[in-house]
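**Student:** Residue numbers (full-length UniProt numbering): 1 to 1162.
My questions will all concern the structure given below.
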Amino acid sequence: MSANGNFDVLAEMPLRSTDFGQDKNVNVGWGSKSTQFHGRAGKQAASLPGGPSLVTEQQKSEPVGLADDDGKARVTWRSDSAFFAVSTLDLLDKETGDGQVKARVIRVYSRASAALQSTSEFAPGLSQSLAWRKGAGAPSIAAVQRFGQTPGCAAGYDHLDVVFFERNGLRHGEFTLKGVAQEQLVAGKIVSVRELEWSADGSVVAAWLDIDGKDVIQLYSTGNWHWYLKAEIHATELYKSRVESIKFSDETALSLNVVMSSEYRTIEWAWTVYSSPNEVHDLGLVAVVDGEETKFTPLGVANVPPPMSLYQVKSQGTPIQLTFNHSKFAVLLPLGKLEVYSYDGTKPHSKPTLEKSTSLPSRTRQIAWMDEQTLAITYENPESNSPAIGVFEIIKEELSQVKFDSDVQLDHSFTVKGPDGSALIQDAQSRLFKLTQEGILDELDIVLDGFCPHLQYHEATSNIVAMSANGKLKIGNIDAVMMSTLANNALSFSLTPEFLIATTSSHKAIFLDLNEQNDNAKLVEELEERRVERGSRIVVSCPRAMRLVLQMPRGNLETIAPRPLVLQNVKRDVDRGDYRNAFIACRKHRIDMNIIFDHNPQAFFDRLSTFIDQIPEVDHLNLFLTGLRTEDLTLTQYAKKKIENIDASRPDKANEICTAIRTELEKRDLVAYTQTIMTSYVRMTPPDVEASLNLLHKLKSVDSEIAEEGVKYIIFLVDSRTLFDVALGMYDFELVLMVAQHSQRDPKEYLPFLRELQGMETDVQRFHIDDHLRRYKKALANIYKADGHLETFITYTQDHDLYTYALELSKGDSDNHKVVLEVYGDSLMEKKLYKDAALAYILAKLSEKAMEAYDRAHAWQELFGLMSVHGIEKSEIEDTAYRVAEDLNQRRRFQEAGRVLFDYTDDVQAAADQFVKGSEFAEAIRICIYKNRSDLVESFIKPSLVNTQETMMDEADEMEEQLAKQLARLDELRKAKLAAPEAFYLEESLENNPALDNVDVSSEATTAFTQFTRYTQRASTFASSAMTGASKKQSKRSKRKAAMKEASGKRGTVNEEVYILASIGRLAERVQNTLREASRLLSYLLIYSYEDEHRSLTEKLDNLQKKIIESLEIGWKEDKFELPNDLSEEHKVVYERADGELRRKYQLPKKPEMAEINWKSL
């Protein structure tokens, strides 16, 4: 019958049924029993009858069943309560028809309708115990099957099996009860299983045994399809009471509640790994408890996967705890028995030997080493049933009880080895105490923040590492108060002399260098990480062997070599000069070999000879050299702390190492280390391939086979075409052929070319080789040496612009030198470098070409000087002077034009006219008087003064008008900027801007700031939409386009404001130039009595100067940024950021500086 929480009946059904259930298999005509494979049972199993069937007729004879079966029905629920199973003792007809039998049958029902789902297959000897496995995975139903010769048992020797059934009724696996259960069965005592009970996570099954009236509880767990006996509780012997019930906690997975006739107890366990310490040796001895046989494997040298092991040690019971020190381990057994074994860390295959077997208090719970001969123990006093602490000396077999305050709650405690021959004890309140060998218990200040079933002391750094049951991993100094949290999802951890290693539920292994930590607050930032398989837990770490052994959730082992452990060993080997071990570790674990040098560069050079002695193999030296990099890996790839913007480059590193190793090897044996020496040349920066081939060239005369092997090797280092070209550049055709043949090049590619070269004379041959290799200077030098090839020499010089080098080559031959100078001058003339061309022509004694070059350069001083030297006629000089003066006039070089006309012609008026144009009135008057042409002052100079004054007046009016227009437009623009800044700055309305479609411009306070929304941190949509991939990195074309856009001064935008201010700046410069010219004009207006003209021009220019100064103040007035009233702090930040961004993007032209010019006359 099934009922709800109010005991309302939901369904009723008969306790026994002949129907299999709804999950009955359907026979589709294949897979019958006779055709199936029966394994070790053999073919005869196909013809054997099946199990018995439920009795449907009257009882024929007295049935036979198990003697210890109480006959009561058992009910067990699946953890999700969707199904429940019922075990009943049924009366069954044998299929042979010769009688009846009593046997247990398990039926599975659904909760919803209580409908029968399946019936278990027949299993003789099945007892009443029944428990449905909890937790994730494939839940199964556990029961107990008895084997033996007594009635009702399954056939076989006397033993008890825990068997498993699936929900469909099929049997799936079993294991045999071990330990005291099997011992007592063999001894002929009555052993029965009263109940089975699963832990909340389904990892542990408890078997409650009754052995001749004494209760024993066994705990089993599984891994790699093997069931281990992990613990035995001799309840009756320990507590002098019978067990009434057992039940695992639904909240704490490994917490077992035991109800006895006189008391109630809760016993809690935690998973841990028993392994040897790694401070002294890397044996990595790991113990796995499996009943009386403890399995040992030195994982540091032998990776034997469980449930196998390298050897086993049999004890007098199932160990409660094992604890290791460097040479011994102690085994705590039930009822207070203690066994001490010794082991040799240098002999991994030797089994431990039993040193001592003694007794402790019967209720001893935990032990921990204090030193080599002393143990700290926590136990329960049988007389007072209260927790106690003791210090046990193994040799003397003396137990000293420790006195402590009553507030120390040790009913829930944990004990580990502590500092300086002490032990650390954690009580139920998560307080940590230090126990000395003198029996003194002192409380430490450090705070654990919760009970930690995993706690360890690190001797080298005095740190305590603790991990809580929920995976919070912490570290702190033993003298500190607070601990630093390293991870909140840790699964396991292990300590080495240098590192704390942990695995997390995020599938990572983390590494903390304990020797480097200074500030615990920054520990999390300094953690190194690597990926590991999901659910990996650390079994043992062997730092010197660079091994970290992990166990996967399914039970198998994996050994990895984490980079931090490898690097630590490599650095240690380098420090002590053991380069061979460091090299092998780098090679084996794929560590960049540059670390061998970068860790201590000076020591490497000092011990270079030792390095080569330890690594004499040519292949190994080659591997080291080819991996050289021009950076310091201790600052980059293998840096303990990442440092931003640090210069880790070492450009000369490879060259220094290659040179040092090459020098050392050449002293030892040039032939033996040929390949390494060649490698040292090739790894130089830049590669010195030619030196490497030169070495082969030397060896070719000593041993051609070695040279040939060297060619084969170097082809793997250098591209074959590069080698071919370098060998060709050495002019060694034999070496060229050797390289070509071993590079597997097609002979049709190179043989015709080589044949052609061999038919030439030496200098011409080398010229063609160097030209082919684009070594143009060498080619030019070779063709110059060849006789009768001057024309080729000149042509090649012109083709490759090698005039300077050609001049250097031809210094010794004046005729050739002049030819080179002439063609060099012609080349410079084409490049419009006329002055340089003139110099080349002069050196080549080509005066006519030199004068033409000076003429084109407008270097009139040099031109007329050269014409005078070479006696050119006066008429030709005058014609040249008029032409040169005209050119200078067009370039507004009026003063120079006047000097040319005055010096080289008799035309005084023309010369004076040029000086007047240049506002050099004093010089114009001087030359007229000097040439006795005073008449020109009246007829030419004075009218020119008036004309110049009128021109300046007109220019001043024009500039004044332009300035007024620009200032008026500037004022309009600034008013528009205040009225509509979005249109002013963005050139278009925000409503029509697609880049701002997703920008939220709403505000509870005001909408005045919405045009600056793009500058807030939240406006990421604008950044992603406006800054497309094409615009993130502007091309030169787009930059030019932007500059042209800004220069165009588009009307009504910020670009127009910039354009107007730039124009005002240019106008100010123009005004200053006008004032300078006026300063030279005004004095002569007074001298020649043009007072009115003088006054009007002075007033005009003075007014213009004032206006231009005023305009500069207006145009470059500081645009003060004023915030609107009643803005929140957030909106103020928006405004300020917008203002800063706009000022950065739209920078105004620099304000012109108005120089002080004394332009006014009397």
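Glycine included, C-beta positions come from ideal geometry on N, C-alpha and C.
Computed from a predicted model, the values in this text were never measured in an experiment.
Touching or not, the segment 454-469 and the segment 479-493, by the rule of three or more beta carbon pairs under 8 Å?
**Tutor:** With a cut-off of 8 Å, the segment 479-493 and the segment 454-469 count as touching, because enough Cβ pairs lie within range.
**Student:** Under three-state DSSP, which class holds Pro334?
**Tutor:** Pro334: helix per DSSP, three-state reduction.
**Student:** Can we count Leu888 as close to the ligand NAD, meaning its CB is less than 6 Å from some heavy atom?
**Tutor:** For the ligand NAD, the structure offers nothing, since it holds no ligand at all.
**Student:** Ile106 and Phe20: beta carbons closer than 7 Å?
**Tutor:** Not in contact: Ile106 and Phe20 (Cβ atoms no closer than 7 Å).
**Student:** Over the uninterrupted beta strand (DSSP E) stretch that includes Arg933, give me the two end residues.
**Tutor:** No beta strand (DSSP E) contains Arg933, which DSSP labels as neither H nor E.
**Student:** How far does the beta strand (DSSP E) with Asn463 in it extend, from its first residue to its last?
**Tutor:** Run containing Asn463: Asn463 to Met467, per the beta strand (DSSP E) assignment.
**Student:** Quick one: residues in its chain with C-beta nearer than 7 Å to the C-beta of Phe83, no 5 flanking neighbours on either side, listed in chain order?
**Tutor:** Hits under 7 Å: Val108, Tyr109, Ser110, Arg111, Gln117 and Arg167.
**Student:** Give the range of the alpha helix (DSSP H) segment to which Val162 is assigned.
**Tutor:** Counting along the chain, Val162 falls outside any alpha helix (DSSP H), though it belongs to the beta strand (DSSP E) covering His159 to Phe165.
**Student:** Ignore the nearest five residues each way along the sequence and tell me which others in Ala885's own chain have a CB closer than 6 Å to its CB.
**Tutor:** Answer for Ala885: Ala897, Val900 and Leu901, listed in chain order.
**Student:** Could you name the residues that DSSP lists as bridge partners for Trp1159?
**Tutor:** Bridge partners of Trp1159: none, in fact.
**Student:** Which same chain residues end up closer than 8 Å to Asp826 when comparing Cβ atoms and leaving out the 5 residues on each side of it in sequence?
**Tutor:** Answer for Asp826: Ala837, listed in chain order.
**Student:** Mind checking which residues open and close the beta strand (DSSP E) that includes Pro943?
**Tutor:** Looking at the DSSP string, Pro943 is not in any beta strand (DSSP E); the run it does join, the alpha helix (DSSP H), is Lys942 to Ala979.
**Student:** Determine the contact status of Asp855 and Leu863, defining contact as a CB-CB distance below 7 Å.
**Tutor:** Yes, they are a contact pair.
**Student:** Going by the beta-carbon positions, is the gap between Asp427 and Leu448 smaller than 7 Å?
**Tutor:** No, the pair does not count as a contact, with Cβ atoms beyond the cut-off.
**Student:** Quick one: which unbroken alpha helix (DSSP H) runs of 4-plus residues sit fully inside the segment 828-904? Chain order, please.
**Tutor:** For the segment 828-904, whole alpha helix (DSSP H) runs of length 4 or above, ordered along the chain, are 834-843, 847-856, 860-869, 874-890 and 894-904.
**Student:** How would you label Thr685, buried or exposed, when you count the other beta carbons within 10 angstroms and need 16 or more for buried?
**Tutor:** The residue in question, Thr685, is exposed, as its Cβ has fewer than 16 Cβ neighbours within 10 Å.
**Student:** What's the C-alpha gap between Thr436 and Arg554?
**Tutor:** Distance between the alpha carbons of Thr436 and Arg554 is about 41 Å.
**Student:** Look at Ala376 and Ala423 and say whether their C-beta atoms are less than 7 Å apart.
**Tutor:** It is a contact, given that the beta carbons lie within the stated cut-off.
**Student:** Label Lys1100 either buried or exposed according to how many other C-beta atoms from any shown protein chain fall within 10 Å of its C-beta, with 16 as the threshold for buried.
**Tutor:** Buried, since its Cβ has 16 or more Cβ neighbours within 10 Å.
**Student:** Taking the runs of the alpha helix (DSSP H) that are 4 residues or longer, which of them lie wholly in the segment 763-838?
**Tutor:** Segments of the alpha helix (DSSP H) lying fully in the segment 763-838: 776-785, 790-800, 803-809 and 814-830.
**Student:** In whole angstroms, what separates the C-alpha of Arg969 from that of Glu958?
**Tutor:** In a straight line, the C-alpha of Arg969 is about 17 Å away from that of Glu958.
**Student:** Kindly indicate which residue of Asp290, Leu333, Gln321 and Pro305 has the alpha-carbon position closest to the one of Gln312.
**Tutor:** For the residues Asp290, Leu333, Gln321 and Pro305, the minimum Cα distance to Gln312 belongs to Asp290.
**Student:** Determine the direct distance from the alpha carbon of Leu91 to that of Ala123, and round the result to whole angstroms.
**Tutor:** Rounded to the nearest angstrom, the two C-alpha atoms are 14 Å apart.
**Student:** Taking 7 Å as the cut-off, decide whether the C-beta atoms of Phe511 and Glu528 are in contact.
**Tutor:** Yes. Within cutoff.
**Student:** Which whole-angstrom value describes the C-beta separation of Leu177 and Val162, a residue pair presumed to lie in contact below a C-beta threshold of 8 Å?
**Tutor:** Correct: roughly 7 Å between the Cβ atoms.
**Student:** Between Leu399 and the rest of its own chain, which residues show a CB-CB distance below 6 Å, the 5 nearest in sequence each way excluded?
**Tutor:** Gly390 and Phe392.
**Student:** Please work out which residues of its chain come closer than 6 Å, Cβ to Cβ, to Phe175, disregarding the five sequence neighbours upstream and downstream, and give them in chain order.
**Tutor:** Cβ neighbours of Phe175 beyond the five flanking positions: Val162 and Trp227.
**Student:** Which runs of the beta strand (DSSP E) fall wholly inside the segment 224-295 and span at least 3 residues, in chain order?
**Tutor:** Listed in chain order, the complete beta strand (DSSP E) runs (minimum 3 residues) inside the segment 224-295 are 226-233, 243-248, 255-260, 264-268 and 285-290.
**Student:** Using CA coordinates, which residue listed in Ser541, Arg572, Asn569 and Leu567 is at the minimum distance from Glu558?
**Tutor:** Nearest of Ser541, Arg572, Asn569 and Leu567 to Glu558, Cα basis: Ser541.
**Student:** Looking only at C-alpha atoms, which of Ser649, Leu821 and Arg891 sits nearest to Thr634?
**Tutor:** For the residues Ser649, Leu821 and Arg891, the minimum Cα distance to Thr634 belongs to Ser649.
**Student:** Please determine, among Gly5, Gly284 and Tyr157, the residue with the shortest C-alpha to C-alpha distance to residue 1163.
**Tutor:** Since the displayed the chain opens at 1 and closes at 1162, residue 1163 lies outside it and no answer follows.
**Student:** How long is the line joining the alpha carbons of residue 1164 and Leu1086, rounded to whole angstroms?
**Tutor:** Residue 1164 cannot be examined here, being either before or after the span of the chain that is shown, 1 to 1162.
**Student:** With C-beta atoms as the reference, is Leu807 less than 7 Å away from Ala844?
**Tutor:** No, the pair does not count as a contact, with Cβ atoms beyond the cut-off.
**Student:** Hey, could you find the ends of the alpha helix (DSSP H) Lys698 is sitting in?
**Tutor:** It spans Val689 to Val702 - the alpha helix (DSSP H) in which Lys698 sits, taken as one unbroken run.
**Student:** Would you list the residues sitting across from Ile377 in a DSSP beta bridge?
**Tutor:** Per DSSP, Ile367 and Gly390.
**Student:** Terminal residues of the continuous beta strand (DSSP E) containing Ile538?
**Tutor:** From DSSP, the beta strand (DSSP E) with Ile538 extends over Arg537 to Cys542.
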